[in-house]
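Here the structure comes first, spelled out in C-alpha cells, and everything after it is commentary.
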Amino acid sequence: MSKTDHARLEQDRLELQAQLDSQKTRAARNKLGQFATPTALATDILEYAGSILGNKEPIRFLDPAIGTGAFYSALLRAFPATRIERATGYEIDTHYGQPAAELWDGTGLELNHMDFTRQRASSKFNMLICNPPYVRHHHMANEEKGRLQLASMGAAGFRPSGLSGLYCHFLALSHAWMSEGGVAGWLIPSEFMDVNYGQAIKRYLLEKVTLLHIHRFDPNDVQFADALVSSAVVWFRKSPPPKHHQVKFTFGGTLAEPALSREISIPALSAETKWTRFPALNVRDRYTGGVVSDFFKIKRGIATGDNSFFILSKAEIAARGLPMHAFRPILPSPRYVKVDEIDSDKHGVPALDRRLFLLDPGLPEDEIRKQYPALYAYLQEGKERGLHDRYLCRNRKLWYAQEVRPPAPIVCTYLGRGDAKNGRPFRFILNKSAATVANAYLAMYPTLLMERAMKADPTIIRRAWEVLNRITPETLLGEGRVYGGGLHKLEPKELANVPVLELMDMIPTIERPQTQTEIFELVAAE
Ligand SMILES: C[S@@+](CC[C@H](N)C(=O)[O-])C[C@H]1O[C@@H](n2cnc3c(N)ncnc32)[C@H](O)[C@@H]1O
Numbered sequence: 032m033s034k035t036d037h038a039r040l041e042q043d044r045l046e047l048q049a050q051l052d053s054q055k056t057r058a059a060r061n062k063l064g065q066f067a068t069p070t071a072l073a074t075d076i077l078e079y080a081g082s083i084l085g086n087k088e089p090i091r092f093l094d095p096a097i098g099t100g101a102f103y104s105a106l107l108r109a110f111p112a113t114r115i116e117r118a119t120g121y122e123i124d125t126h127y128g129q130p131a132a133e134l135w136d137g138t139g140l141e142l143n144h145m146d147f148t149r150q151r152a153s154s155k156f157n158m159l160i161c162n163p164p165y166v167r168h169h170h171m172a173n174e175e176k177g178r179l180q181l182a183s184m185g186a187a188g189f190r191p192s193g194l195s196g197l198y199c200h201f202l203a204l205s206h207a208w209m210s211e212g213g214v215a216g217w218l219i220p221s222e223f224m225d226v227n228y229g230q231a232i233k234r235y236l237l238e239k240v241t242l243l244h245i246h247r248f249d250p251n252d253v254q255f256a257d258a259l260v261s262s263a264v265v266w267f268r269k270s271p272p273p274k275h276h277q278v279k280f281t282f283g284g285t286l287a288e289p290a291l292s293r294e295i296s297i298p299a300l301s302a303e304t305k306w307t308r309f310p311a312l313n314v315r316d317r318y319t320g321g322v323v324s325d326f327f328k329i330k331r332g333i334a335t336g337d338n339s340f341f342i343l344s345k346a347e348i349a350a351r352g353l354p355m356h357a358f359r360p361i362l363p364s365p366r367y368v369k370v371d372e373i374d375s376d377k378h379g380v381p382a383l384d385r386r387l388f389l390l391d392p393g394l395p396e397d398e399i400r401k402q403y404p405a406l407y408a409y410l411q412e413g414k415e416r417g418l419h420d421r422y423l424c425r426n427r428k429l430w431y432a433q434e435v436r437p438p439a440p441i442v443c444t445y446l447g448r449g450d451a452k453n454g455r456p457f458r459f460i461l462n463k464s465a466a467t468v469a470n471a472y473l474a475m476y477p478t479l480l481m482e483r484a485m486k487a488d489p490t491i492i493r494r495a496w497e498v499l500n501r502i503t504p505e506t507l508l509g510e511g512r513v514y515g516g517g518l519h520k521l522e523p524k525e526l527a528n529v530p531v532l533e534l535m536d537m538i539p540t541i542e543r544p545q546t547q548t549e550i551f552e553l554v555a556a557e
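For the sequence shown, our numbering gives the first residue as 32, with consecutive numbering after it.
Here is the structure:
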C-alpha cells in the first residue's frame with residue numbers, strides 16, 4: 032500500500048469515527064470511555080514508539096482498546112508493511128469494532144470483538160500502544176472491581192486500589208501481554224501521578240519495568256480535544272530498571288520536541304508523592320538524582336585577613352611565648368599536603384611535616400592584655416602593621432577573631448590545572464584531624480541526610496570520599512570555570528551541583544527521605 036492509500040484510509044477512518052460517535056450519546060460514550068486519539072497525536076506516538084524500539088526488530092503490535100484504530104492506522108503510516116509481523120486489537124463495542132474491522136479488512140489486522148480484560152494473555156507483543164477506556168471507579172460495580180484487582184495481581188504482581196479507574200487495570204493486565212524487552216506507550220490521565228490510587232501504579236513503573244519517559248500535555252495547548260487536556264503519555268520497557276536509571280519527564284510542546292524536559296532518578300521518584308511536580312523547577316530538584324550538595328554543605332575555608340600573621344608554626348608560637356590554647360590546628364596550603372588522607376595525633380593535630388596553627392583567642396583585647404601579655408604584644412604588632420584596618424578585619428567584632436569553621440571530614444582543593452600531572456585538577460582530602468582550613472580549600476560538611484547515614488554506617492564517609500575522588504575531571508570541570516593559562520577553579524556552588532549518583536546508592540534506603548514533608552523538613556533544617 033502506498034502513502035496516499037494510508038492517508039486515504041486515515042481519512043475514511045476519521046469520517047467513520049465522526050459518524051459512529053454521532054450515533055451515540057455523550058453519556059453512552061462516557062460509560063465505555065470512548066474518546067478517540069487525534070490523528071496527529073497518534074502519529075507522534077507511533078513514531079516515538081519506533082524511536083524507542085529501534086529500527087530492526089520486527090513489530091508485534093497490540094492495542095487492547097482499539098476503537099476504530101487510530102493507532103493501528105498510525106502504525107501503518109509509520110512503518111513499512113514488511114516490518115509489521117503482527118497487529119492485534121481488542122474492542123468490546125461492536126458499534127465501533129464491526130465497521131473498523133471492515134475498514135481494515137485485508138490489511139493484516141486481527142481485530143477481536145471481545146472484552147480485553149477477560150482474555151487469556153499471550154506474551155507476544157513488543158509494541159503495546161493504548162488509549163484505554165477512562166471509566167472512573169464509581170462507575171464500576173464492586174464485583175467487577177474485585178475481579179479486575181485479582182486479574183491485575185496475577186498479570187503484573189500488584190493490586191490496583193479500589194479507587195482505580197478501569198485504565199489502571201488495563202495497564203496492569205497488559206503486562207502479561209508484553210514480550211520481555213518490549214515497549215509500551217500509554218495515553219492515560221495524568222491524575223495517577225499525584226493521587227493515592229496512583230501509588231501502586233507508580234511502584235509498578237519504578238520496580239517492575241524500566242520507566243522511560245512521561246510526557247504531559249500543556250492544558251493551555253489548544254491542539255487537543257478537552258478529553259485530553261490532563262493526559263500524559265507513559266513510556267516503559269518490560270525489563271528491570273538498570274542501575275542509576277534516569278526517567279525523562281517532559282511537559283508541553285510535542286512528545287518529540289517538548290517545551291520542558293528533565294531527567295529524574297528513581298530514588299527521587301520514589302521519594303516524591305506528586306510526580307506532576309516534574310519537570311518544573313522547585314526545591315525538590317536537589318533530590319533529583321544526587322548532587323554533591325545532597326550529601327555535603329560546602330563552605331569556603333577561612334579568609335584570615337593575613338595568613339602570615341594569623342597562621343603560625345609551633346616553633347613560632349613557642350619562640351614568642353604565646354599561649355597554645357589561643358590557637359587551633361589548620362591545614363597548610365594544598366601544595367604542602369601531598370597525601371589524600373590526613374591522620375591526626377591524639378590532640379587532633381594533623382600528622383603532616385608542616386604543622387600550623389590559627390590564632391583565634393576568642394577573648395576581648397582587654398582580657399588578653401591582663402591574662403596574656405605576650406599575645407597582647409603580638410596583637411599590637413599586628414595593629415602596627417595596620418591589619419586591624421584592613422577590610423576583613425575591621426568588619427569583625429574583634430578584629431582578630433576568625434570565622435567559625437569547624438574541622439570538615441572532607442576538604443577539597445578547588446584551584447587546579449587541567450593538565451596537572453596526576454590528571455586530577457582538584458583533590459578531595461579525607462581529614463581525620465581537628466584542623467580547620469583556610470580559603471585555599473573548600474570545606475565539606477555532611478548534610479543531615481549524610482549525618483543520618485553516617486550514624487547508621489560509620490564507614491560511609493570514607494566510601495563517600497572514594498566516590499568523590501573517582502569523579503572524572505571532565506565532570507568536575509564541566510561545572511567549574513577555566514581561567515587563563517589553563518587554571519581551573521571550582522566555586523562552592525559549582526561543586527554543589529556536580530552529580531554523584533553513586534552516593535545516593537550508598538545511603539541506606541531507610542535513611543533516604545521518604546515523603547515530601549520529610550524532604551521539606553530536611554531542606555528547611557539545613
Ligand atoms: C479511549 S478509546 C480509544 C480508542 C482508540 N484506540 C483511539 O485511540 O482512538 C477506548 C476504547 O476502548 C473500548 N473499550 C472499553 N472497554 C473495553 C474492554 N473491556 N475491552 C476492550 N475494549 C474496550 C471502548 O469501546 C473504546 O473504543
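Ideal placement from N, C-alpha and C gives every residue a C-beta, glycine not left out.
C-alpha of Asp249 to C-alpha of Leu63: approximately 25 Å in a straight line. Looking at the DSSP output, Phe280 shares a beta bridge with Ile245 and Arg293. DSSP places Leu142 in the uninterrupted beta strand (DSSP E) bounded by Leu140 to Asn143.
Rounded to the nearest angstrom, the gap between the Cα atoms of Gly229 and Asp43 is 37 Å. Here the region 83–92 does not lie against the region 51–60, with fewer than 3 beta-carbon pairs under 8 Å apart. Annotated three-state conformation of His275 is coil, per DSSP. Look at Pro95: its beta carbon is less than 8 Å from one of the heavy atoms in ligand 1.
About 5 Å separates the Cβ atoms of Leu534 and Gly321, confirming a contact at the 8 Å cut-off. For Arg455, same chain residues with a beta-carbon under 8 Å away, outside a window of 5 residues either side, are Gly447, Asn500 and Pro504 in chain order. With a cutoff of 8 Å, Glu88 does not count as near ligand 1, since its C-beta is closer than that to no heavy atom of the ligand.
Taking C-beta separations shorter than 8 Å and ignoring five residues to either side along the sequence, the partners of Ser262 in its chain run Leu218, Ile219, Pro220, Ser221, Arg247, Phe248 and Phe255, following chain order. Taking C-beta atoms under 8 Å as the contact rule, Phe388 and Lys345 qualify, at a distance of about 7 Å. Beta-carbon to beta-carbon, Thr335 and Gln433 are separated by about 6 Å, close enough to satisfy the 8 Å threshold. Counting only residues of its own chain and dropping the five nearest sequence neighbours on each side, Pro191 has a CB closer than 8 Å to the CB of Leu179, Gln180, Ser183, Cys199, His200, Ala203, Tyr228, Ala231 and Ile232.
Counting the other Cβ atoms within 10 Å of the Cβ of Leu423 gives fewer than 16, which makes it exposed. With contacts defined as CB atoms closer than 9 Å, Tyr367 and Asp384 qualify as a contacting pair. The Cβ atoms of Ile491 and Tyr472 do not sit closer than 9 Å to each other. The Cβ atoms of Leu343 and Leu406 do not sit closer than 9 Å to each other. Annotation: the continuous beta strand (DSSP E) that includes Leu387 extends over Leu387 to Leu390. Burial check for Asn157: the Cβ neighbour count within 10 Å reaches 16 or more, so the residue is buried.
Rounded to the nearest angstrom, the gap between the Cα atoms of Pro489 and His378 is 21 Å. Only exposed fits Pro273, as fewer than 16 other CB atoms lie within 10 angstroms of its CB.
The residue from Leu507, Gly212, Leu429 and Glu482 with its alpha-carbon nearest to that of Arg268 is Gly212. By alpha-carbon distance to Thr478, the top candidate from Thr148, Arg458 and Ile441 is Ile441. With a 10 Å radius around the Cβ and a threshold of 16 neighbouring Cβ atoms, Glu372 comes out exposed. Contact between the region 74–83 and the region 130–144 is not established, with fewer than three Cβ pairs separated by less than 8 Å.
Taken in chain order, the whole beta strand (DSSP E) runs of length 3 or more contained in the region 90–119 are 90–94. Excluding the 5 residues flanking it on each side, Ser364 has same chain C-beta neighbours closer than 6 Å at Ala471, in chain order.
Per the coordinates, the alpha-carbon of Leu194 lies some 34 Å from the alpha-carbon of Leu45. The beta carbons of Ile538 and Met475 sit no closer together than 9 Å. Contact between Tyr445 and Leu521 holds, since their C-beta atoms are separated by about 4 Å, short of 8 Å. In terms of side-chain proximity, the C-beta atom of Met145 is found nearer than 8 Å to a non-hydrogen atom of ligand 1. Residue state for Gly185 is assigned as helix, using DSSP reduced to three classes. If you compare the alpha carbons of Leu107, His276, Arg151 and Val265 with that of Ala207, the shortest gap goes to Arg151. For Ala263, the enclosing beta strand (DSSP E) stretches over residues Ser262 to Arg268.
If you look at Thr444, you'll find it in the beta strand (DSSP E) that goes Ile441 to Thr444.
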